[in-house]
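This report concerns only the one structure given below.
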Amino acid sequence: MEALLRGGAVDEVLERCADALVGDRTDSRHLVGCVLSQPVHGRFTRLHGSTVSSALRDAVHQQMHLSSAPWAEVESRTVALFGLDELPMALADAARAEKFEALVAVPIDVDGTRAAALVGFIAPHRRPLPGFVRQLFDHLADITALALSHQWSNDDLRRAARRDGLTGVANRTGFDEQMMTCDPALITVLYIDLDEFKAINDVHGHECGDRVLVEVARRLVSVSGPTDLVARLGGDEFALVHFGVDIEAAREIGEQVVVAVGQP
């Protein structure tokens, strides 16, 4: 929480949460844990936690991308306890080798999307889970959820600042930032200016003109490549940044743009 309050990076917060999942108490409780994050298509891709052994880390890594992972079907913010006989064999064997007897998992959703999971190994195994362990997981889940929610909100704001509010493609800021971060020798930029657009606004009104801009942006995106950038620079001016310097390929894209935008 200290790192979060002083504006620490979310990775630092998650590392501290993972490191807090450790304990060796006089009541013979032993605990070590990690935090999983950065989901892609519902599967975690990042593991935080310096106290987890390499063997346990490898075993958890093997489960991170699987829909059958122990934490995959657990409801958000539910503290779930699994005996070793309930775990996949490789994960159970790694835990057993280090004298752990159970796994505790707390998935965390942010805005309805699975965002992270706290995973801990504990010994001895006793149901129900001891109160101090449950409280620790609940507390760290609160911090993790707050950190990720804060990060996601900031990411949304940054994306919004780089997007054209009307068409949804990049705006001038997004275009300029892209141009500053890429090698000019490795890109081709096509500029598109709509002829007679002012007449559309004058004759049919700005609402009709806005619909034209939205449709033009959609058509530009449809002919661009997966790594290309379409941007509205302002008014009726657009740009398409193509990552490649093949003149023939750029000419072909330009012809596709003319055909696509020129369709009724």
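Its first residue numbered 11, the sequence shown is counted upward by one per residue in this note's numbering. We treat Cβ as the ideally placed atom computed from N, Cα and C, and that holds for glycine. These numbers come from a predicted model, not from an experiment.
Inclusion of T55 and D29 in the CB contact set at 8 Å is not warranted, their separation being larger than that value. Taking 4 residues as the shortest admissible run, the region 34 to 118 contains the following complete alpha helix (DSSP H) segments, listed from N- to C-terminal end: 64 to 74 and 99 to 107. Taking a 10 Å sphere around the C-beta of Q273, we find fewer than 16 other C-beta atoms and assign the residue as exposed.
H71 and L57 have their alpha carbons spaced roughly 8 Å apart. Here V116 is near L128, since their CB atoms are less than 8 Å apart. Going by beta carbons, D246 and L223 fall inside the 8 Å limit. DSSP, reduced to helix, strand and coil, places T123 within a strand of the structure shown.
Nearest neighbour of V120 by Cα position, chosen from D103, I153 and L139, turns out to be I153. For R242, the beta-bridge partners assigned by DSSP are F248. For C44, the closest C-alpha among the options G52, V50 and S64 is that of S64. With respect to A157, V20 sits close: the two C-beta atoms are nearer than 8 Å. Using a Cβ-Cβ distance cut-off of 8 Å, the region 94 to 108 and the region 137 to 152 are not in contact, since fewer than three pairs of beta carbons, one from each stretch, lie closer than that value. Your pair A125 and I118 checks out as a contact, with CB atoms roughly 6 Å apart and the cut at 8 Å.
Here V199 really is in contact with A249; their C-beta atoms are around 6 Å apart, less than 8 Å.
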